[in-house]
Amino acid sequence: MNDGKKPQTMAQKILADHSGKEFVEEGEIVNASVDIVLGNDITMPLAIEEFKKIGAGKVFDNTKIVMVPDHFTPNKDIKSAQQCKILRDFAGEQDIINYFEIGEMGIEHALLPEKGLVLPGDLVIGADSHTCTYGALGAASTGVGSTDVAVAMATGKLWFMVPSTLKFDYKGSLKKWVTGKDLILYTIGMIGVDGALYRSMEFSGPSVRGLSMDSRFSMANMAIEAGGKFGIFEVDEKVEEYMRSKGKTGYKIYKSDSGASFEKVFNIDCTDIELQVATPHLPSNARNAMDLGEIKLDQVVIGSCTNGRMEDLEMAAKIFKGKKVSKSMRTIIIPATQKIYLEAMKKGLLEIFINAGCVVSTPTCGPCLGGHMGILAEGERAIATTNRNFVGRMGHPESEVYLSGPAVAAASAIAGRIAVPGEVI
Amino acid sequence: MIIKDKVIKYGNNVDTDVIIPARYLNTTDEAELASHCFEDLDSDFKEKAKERKIIVGGENFGCGSSREHAPLSIKASGIKAIIAKSFARIFYRNSINTGLPLLVSIEASEHIKDSDEVEIDLDNGEIKDITTGITFKVPPLPDFIQKVISSGGYMKFTKKQLAKSK
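Order-wise, the sequence lines are chains A and B.
Going by this note's numbering, 74 is the number at position 74 of the first sequence; the sequence numbering is gapless.
Counting the second sequence from 1 gives a position; this note's numbering is that position plus 1000.
Shown next, in the form of structure tokens:
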């Protein structure tokens, strides 16, 4: 029991509240109630198989399961179509209201916040590693496996080990074109791909308070690329405004106590952070984009659960406006949701992209994981606003992926090689 | 439980994209998944796994995606256990949940060489390199996790719990 005096981090408080405790120790294993259980067309078929083996019959709450077929959709082949059919049939049998067919869908981690499905203070699990994205809303949110999702669908609960917390305090104003993506690539470059293994990453400080929600989603999204369990932000006026815009109020707001124990605090000065690029084959290979020299490219992808939101498309459009992509450059723009797609159309961004020689795709995870809609051949090289650049991630095992934010990706499409906006506008 | 077999050794940050590339994730068939296991990292894996059934990795084994297909494809390839300096957290969960034993040991990971014969005593937390005769102690898993593993995975554990509560 906590006598009300023992300070805790946000992560501890949310896990304590969801497991009926006042205090949880770091390293303790708790059985906690979850608010949202998410799965997609890759992970959900396996979860449904396991769910049926448990023999629970009905899901614990048909309003708390979310299914988004987004990875290989619109169905890229017969096998993928079969996988999606498993989701669709299960959603029908179980009356799952938050099943999103392609016409109303989007990439899951852009879609759930957009629909107001995740609230600050929620405990969210998803069978997708980038489920940590909702940390931007002050939720404790993490990726798990299909068996976890099966058990949570049956019982509403899941086992969690209470993580220790690494605090990242960002100060100073950002340089032109620098966004949350650059801050997170820089941070992962600093601590490594396992620098936050099993830990909660808590992002704070005046610089992140100045970031848009889109930039915060982009940062929280990549906590997993440092091995993190959560990538969490404090709930401030921007988060509250975002939730009001979804018609959501009355949630509980958690803050880390002033005396909470952080395993380590990183003080990061943003004034010197340049536009970042992570070179193959790890997201931690962060370099200053302008220092990379002549790196020729075959393809550019702007999209994904990391950077397919309005801020990203608007930034890219500023650079593409009145310009043409390099002659042989395959430039693929993927708005993350139908709503973003429509807004980009109304604002004239799609016209700018198409006039510049880009293609615009329906929302899908597609090329990010080498699924479809832009696969690389042997020896080819892409820059992408996605989140991973592992061997073979976007196609052939002998291809290469460089990771960046939207500004570098757009500038590179025009230059035909890795470039910063100043070189093309 | 004792696991005695020869070792296939890999390096740091073995990610889920090389364990089972996403292009094969349009199925849940374990044999089909196994047929593509590690193909982008080691084209000889299938051959090796016929005679060597323990994998030794370095740091952050299994980093990347949440795909449970990763431990499933490894298990379906006949691999009986993985030893590494550290494991990525979702891969760790998925392996426990699906009943693939993982052992964390920096010393064992550094010492054991490719093709060494190794004996793992899961109950007593010991890894013995039979080729060199050196034994390493492994810290015991938390009680809850041991219960999940001894039940044969998280699904079976939950099924038992639900039956008890009825």
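No residue lacks a Cβ here, since even glycine has one placed at the ideal position from N, Cα and C.
Practice task
Show which residues of chain B have a CB atom less than 9 Å away from the CB atom of residue 83 (chain A).
Solution key: Within the first sequence, residue 83 (chain A) is the residue found at index 83, counting from 1. Correct list: 1025, 1026, 1027, 1028.
Practice task
Can you give me, in chain order, the residues of the stretch 125-157 of chain A that have a beta carbon less than 7 Å from any beta carbon in chain B?
Solution key: So the list reads 127, 128, 129, 143, 144, 145, 146, 147, 148, 150, 151, 154, 155, given in the order they occur along the chain.
Problem - Between the CA atoms of residue 64 (chain A) and residue 159 (chain A) - distance to the nearest angstrom - result: One-based indexing of the first sequence puts residue 159 (chain A) at position 159. One-based indexing of the first sequence puts residue 64 (chain A) at position 64. Going from the Cα of residue 159 (chain A) to the Cα of residue 64 (chain A) covers about 18 Å.
Handout entry: Given 8 Å, three or more beta-carbon pairs between the stretch 181-188 of chain A and the stretch 77-97 of chain A
Key = Put simply, the stretch 181-188 of chain A does not touch the stretch 77-97 of chain A. Fewer than three CB pairs are less than 8 Å apart.
Practice task
Spell out whether any CB of chain B is found under 8 Å from the CB atom of residue 177 (chain A).
Solution key: Position 177 of the first sequence, counted from the first residue, corresponds to residue 177 (chain A). Residue-level contact by beta carbon fails for residue 177 (chain A) and chain B, as no gap is shorter than 8 Å.
Exercise for the section: Verify whether the separation of the beta carbon atoms of residue 319 (chain A) and residue 411 (chain A) is less than 8 Å. Expected result: As a first step, residue 319 (chain A) is located in the first sequence; it is residue number 319 there, counting from the start. As a first step, residue 411 (chain A) is located in the first sequence; it is residue number 411 there, counting from the start. It is a contact, given that the beta carbons lie within the stated cut-off.
Practice task
Please report how far the alpha carbon of residue 1046 (chain B) lies from the alpha carbon of residue 326 (chain A), in whole angstroms.
Solution key: Walking along the second sequence from the start, residue 1046 (chain B) turns up at place 46. Walking along the first sequence from the start, residue 326 (chain A) turns up at place 326. Their Cα atoms are separated by approximately 42 Å.
Exercise for the section: Could you confirm whether any beta carbon from chain B is found closer than 8 Å to the beta carbon of residue 194 (chain A)? Expected result: Here residue 194 (chain A) is taken as the residue at index 194 of the first sequence, counted from 1. True, the Cβ-Cβ gap to chain B drops below 8 Å.
Handout entry: Selected residue, minimal CA-CA separation from residue 387 (chain A), among A:421, A:243, A:37, A:280
Key = Taking the first sequence and counting its residues from 1, one reaches residue 387 (chain A) at position 387. The residue with the shortest Cα to Cα distance from residue 387 (chain A) is A:280.
Practice task
Flag residue 1037 (chain B) as yes if its beta-carbon sits less than 8 Å from any beta-carbon of chain A, otherwise no.
Solution key: One-based indexing of the second sequence puts residue 1037 (chain B) at position 37. No, no contact with chain A.
Exercise for the section: Over the uninterrupted alpha helix (DSSP H) stretch that includes residue 1024 (chain B), give me the two end residues. Expected result: Here residue 1024 (chain B) refers to the residue found at position 24 of the second sequence. Unbroken run through residue 1024 (chain B): none, as it is neither H nor E.
Exercise for the section: Compare the C-beta of residue 36 (chain A) against all C-beta atoms of chain B and say whether one is closer than 8 Å. Expected result: Taking the first residue of the first sequence as 1, we reach residue 36 (chain A) at position 36. By this cut-off, residue 36 (chain A) is not an interface position.
Exercise for the section: Enumerate, from N- to C-terminal direction, the unbroken beta strand (DSSP E) stretches of 3 or more residues contained entirely within the stretch 120-160 of chain A. Expected result: 123-126, 140-143
Practice task
Name, please, each residue of chain E whose Cβ falls closer than 8 Å to the Cβ of residue 381 (chain A).
Solution key: No chain E appears in this structure, whose protein chains are A and B.
Problem - residue 135 (chain A) beta carbon less than 8 Å from that of residue 262 (chain A) - result: Mapped onto the first sequence, residue 262 (chain A) falls at position 262. Mapped onto the first sequence, residue 135 (chain A) falls at position 135. Cβ atoms of residue 262 (chain A) and residue 135 (chain A): not closer than 8 Å.
Practice task
Would you mind reading off the limits of the beta strand (DSSP E) that contains residue 276 (chain A)?
Solution key: Here residue 276 (chain A) refers to the residue found at position 276 when the first sequence is read from its first residue. Segment 276-278, the beta strand (DSSP E) holding residue 276 (chain A).
Exercise for the section: Report the neighbours of residue 1144 (chain B) on chain A: residues whose CB is nearer than 9 Å to its CB, in chain order. Expected result: Start at 1 with the first residue of the second sequence, and residue 1144 (chain B) comes out as number 144. Here the neighbours are 29, 31, 159.
Problem - Run of the beta strand (DSSP E) containing residue 402 (chain A), from where it starts to where it stops - result: Your numbering for residue 402 (chain A) matches position 402 in the first sequence. Run containing residue 402 (chain A): 400-404, per the beta strand (DSSP E) assignment.
Practice task
Check the C-beta distance from residue 1018 (chain B) over to residue 1041 (chain B) and give it rounded, since I have them as a contact under 8 Å.
Solution key: Start at 1 with the first residue of the second sequence, and residue 1018 (chain B) comes out as number 18. Start at 1 with the first residue of the second sequence, and residue 1041 (chain B) comes out as number 41. At roughly 4 Å, the Cβ-Cβ gap stays under 8 Å, so residue 1018 (chain B) and residue 1041 (chain B) are in contact.
Practice task
With 8 Å as the threshold, decide whether the Cβ of residue 80 (chain A) is near any Cβ in chain B.
Solution key: For the purposes of this step, residue 80 (chain A) is taken as residue 80 along the first sequence, with counting starting at 1. Judged by the 8 Å Cβ criterion, residue 80 (chain A) is in contact with chain B.
Exercise for the section: Let me know if residue 394 (chain A) comes out buried or exposed under the rule of 16 or more other beta-carbons within 10 Å of its beta-carbon. Expected result: Indexing the first sequence from 1 puts residue 394 (chain A) at position 394. Of the residues assessed, residue 394 (chain A) falls on the buried side of the cut-off, its CB having 16 or more other CB atoms within 10 angstroms.
Handout entry: Minimum length 4: unbroken alpha helix (DSSP H) runs contained in the stretch 158-234 of chain A
Key = 180-191, 206-209, 213-221
Handout entry: Own chain, CB closer than 6 Å to residue 1100 (chain B), minus 5 neighbours either side, in chain order
Key = Within the second sequence, the letter at position 100 stands for residue 1100 (chain B). Contacts found: 1071, 1075.
Practice task
Could you pull the start and end residues of the beta strand (DSSP E) that residue 1135 (chain B) belongs to?
Solution key: Taking the second sequence and counting its residues from 1, one reaches residue 1135 (chain B) at position 135. Following the DSSP letters along the chain, one finds residue 1135 (chain B) inside the beta strand (DSSP E) bounded by residues 1134-1137.
Problem - Contact with chain B by residue 1 (chain A), beta-carbon distance below 8 Å - result: Mapped onto the first sequence, residue 1 (chain A) falls at position 1. Residue placement at residue 1 (chain A) is poorly supported in this model, since its pLDDT is 49, which falls under 50; the coordinates still yield a value, given next. Closer than 8 Å: no.
Practice task
Pull up the distance between the alpha-carbon of residue 1147 (chain B) and that of residue 1096 (chain B), whole angstroms please.
Solution key: By one-based count along the second sequence, residue 1147 (chain B) stands at place 147. By one-based count along the second sequence, residue 1096 (chain B) stands at place 96. Using only the alpha carbons, I get a separation of about 10 Å.
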